[in-house]
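The next block holds one structure in the form of structure tokens; read it before the comments.
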Amino acid sequence: MPNPIRSMTGYARTRRVLNEGEIVVSLRAVNHRGLDLHFFLPVELTPYEPALRKTLSANVSRGHVEIRAHLTRNGGGSSLRINQPMLAGWIRAFREAAAAHGLSAEPDLNVALRIPGIMADPALEEIGEEVGEALSGAAQECLDLLNRSRAKEGQETAAAIRAHVARIREAADTMEAIRGGVQAALHERMQERLAELLRGASLDPARLSQEAALLADRSDVSEEITRLRIHTSQLSDLLAAGGEVGKRTEFLAQEMHREANTILSKSNAAGEPGRRIAELALSVKSEVEKIREQSLNLE
Numbered sequence: 055m056p057n058p059i060r061s062m063t064g065y066a067r068t069r070r071v072l073n074e075g076e077i078v079v080s081l082r083a084v085n086h087r088g089l090d091l092h093f094f095l096p097v098e099l100t101p102y103e104p105a106l107r108k109t110l111s112a113n114v115s116r117g118h119v120e121i122r123a124h125l126t127r128n129g130g131g132s133s134l135r136i137n138q139p140m141l142a143g144w145i146r147a148f149r150e151a152a153a154a155h156g157l158s159a160e161p162d163l164n165v166a167l168r169i170p171g172i173m174a175d176p177a178l179e180e181i182g183e184e185v186g187e188a189l190s191g192a193a194q195e196c197l198d199l200l201n202r203s204r205a206k207e208g209q210e211t212a213a214a215i216r217a218h219v220a221r222i223r224e225a226a227d228t229m230e231a232i233r234g235g236v237q238a239a240l241h242e243r244m245q246e247r248l249a250e251l252l253r254g255a256s257l258d259p260a261r262l263s264q265e266a267a268l269l270a271d272r273s274d275v276s277e278e279i280t281r282l283r284i285h286t287s288q289l290s291d292l293l294a295a296g297g298e299v300g301k302r303t304e305f306l307a308q309e310m311h312r313e314a315n316t317i318l319s320k321s322n323a324a325g326e327p328g329r330r331i332a333e334l335a336l337s338v339k340s341e342v343e344k345i346r347e348q349s350l351n352l353e
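Quick note: the sequence shown uses the numbering used here, first residue 55, plus one each step.
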């Protein structure tokens, strides 16, 4: 069974109820060139960041991911207390600084209480084993939900890319069928142009055919069509294998875009067949651009 193709965007949220409260974990993922993890954890949960980072890195390979966790204890904020030694030290330092600079200002308790560490919850000073296990379980559950959502969107994106690939192949087949008429069109065009220039003078048919063949060779797009077909086959195989396909899909889209541009530049002098080939090359470029845009959201 092929590995799932995942998008880089998604959101998931889980909640675990504990004897002493509850933990809520949320994950939000958006596009990014590499893996970019950002943690938003309360102070009491920061010791678990390395373990969470390891879990996420093992399950997400690409994208900007925001990890948020919140721990709510039963009883709300009733256990909050002031860190008296820390507050006393701050007041003493404030007054010493005021005296040293000849200021008459007094400490502001509202300012002091906003200093990190002044207000403390004894219940949070020691996190029990239950909290750590609940956080780990909630994070893994949230990650599973996120990856299921990303896999669903990735599957839809892959289906859209396959449809674009099918239209590119169809255009390549049509260009190949038209290509056979290029030399005849160039021969006719050269004959008309030379007739104008020479005003009725006789033309050497062999020489004319030779020049038309040389011009047709310069306008030949068979190699580009072949490479275009190869790239579509490579992309189909890539999507069939699944897994991390985003960067490789983007690369193949760039290669197909290059072939389409070359076909366009070679078709200018090929008369009506060239015009039809150019129109098809433009349609290929449009399909390729859609593939490129969609690849930017794939892991």
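Here a beta-carbon is modelled for each residue, glycine too, at the ideal position from N, C-alpha and C.
- Under the 8 Å Cβ criterion, the region 213-221 does not count as touching the region 134-147, having fewer than three qualifying pairs.
- Arg-346 counts as buried, since at least 16 other C-beta atoms from the protein chains shown sit within 10 angstroms of its C-beta.
- Only residues of its own chain outside the window of five on either side were considered, and among them Leu-334 have a CB closer than 7 Å to the CB of Thr-228, listed in chain order.
- Minimum Cα-Cα distance from Val-114 among the listed residues Pro-139, His-86, His-124 and Glu-98 corresponds to His-86.
- Only buried fits Pro-327, as 16 or more other CB atoms lie within 10 angstroms of its CB.
- With contacts defined as CB atoms closer than 8 Å, Arg-70 and Gly-191 qualify as a contacting pair.
- Arg-149 has its alpha-carbon roughly 54 Å from the corresponding atom of Met-62.
- Beyond the five residues adjoining it in sequence on each side, Gly-64 comes within less than 6 Å, by CB distance, of Ala-83, Leu-200, Ser-203 and Arg-204 in the same chain, given in chain order.
- The three-state reading of DSSP puts Ile-136 in strand, counting E and B together.
- Secondary-structure assignment with DSSP links Ala-166 through no beta bridge to anything.
- Between Gly-117 and Met-140, the C-beta spacing is not below 8 Å.
- Residue burial annotation: Ser-158 is exposed, with fewer than 16 other C-beta atoms found within 10 angstroms of its C-beta.
- Ile-215 places its beta carbon 8 Å or farther from that of Arg-330.
- Per DSSP, Ile-284 is one residue of the alpha helix (DSSP H) stretching across 276-295.
- By the C-beta density criterion, Thr-280 is exposed, having fewer than 16 other C-beta atoms within 10 angstroms.
- The Cβ neighbour count for Ser-321, taken over all protein chains shown within 10 Å, is at least 16; the residue is labelled buried.
- For the pair Gly-88 and Thr-126, the CB atoms are not nearer than the 8 Å cut-off.
- About 6 Å separates the beta carbons of Gln-194 and Thr-109, which is inside the 8 Å limit, making them a contact pair.
- Non-local C-beta neighbours of Ala-152 in its own chain, meaning closer than 6 Å and more than five positions away in sequence, comprise Ala-159, ordered along the chain.
- When C-alpha distances from Leu-163 are compared across Ile-145, Glu-230 and Gly-156, the shortest belongs to Ile-145.
- In this structure, the CA atom of Leu-167 is about 22 Å from the CA atom of His-124.
- The beta-carbon distance between Gly-208 and Arg-60, rounded to whole angstroms, is 4 Å. This is short enough to meet the 8 Å contact definition.
- For the pair Glu-313 and Leu-282, the CB atoms are nearer than the 8 Å cut-off.
- Between the alpha carbons of Ala-332 and Ser-340 lies a gap of roughly 12 Å.
- Shown here, Arg-67 sits in a strand according to DSSP, grouped into three states.
- Per the coordinates, the alpha-carbon of Pro-96 lies some 12 Å from the alpha-carbon of Val-78.
- Relative to Gly-143, the option among Arg-122, Gly-156, Thr-286 and Pro-161 whose CA is nearest is Pro-161.
- Here the alpha carbon of Asn-73 sits roughly 42 Å from the alpha carbon of Ala-147.
- For Val-119, the closest of Ala-212, Ala-307 and Ser-80 by C-alpha to C-alpha distance is Ser-80.
- The closest CA to that of Ile-284, considering only Asp-198, Ala-66, Ala-226 and Phe-94, is found on Ala-226.
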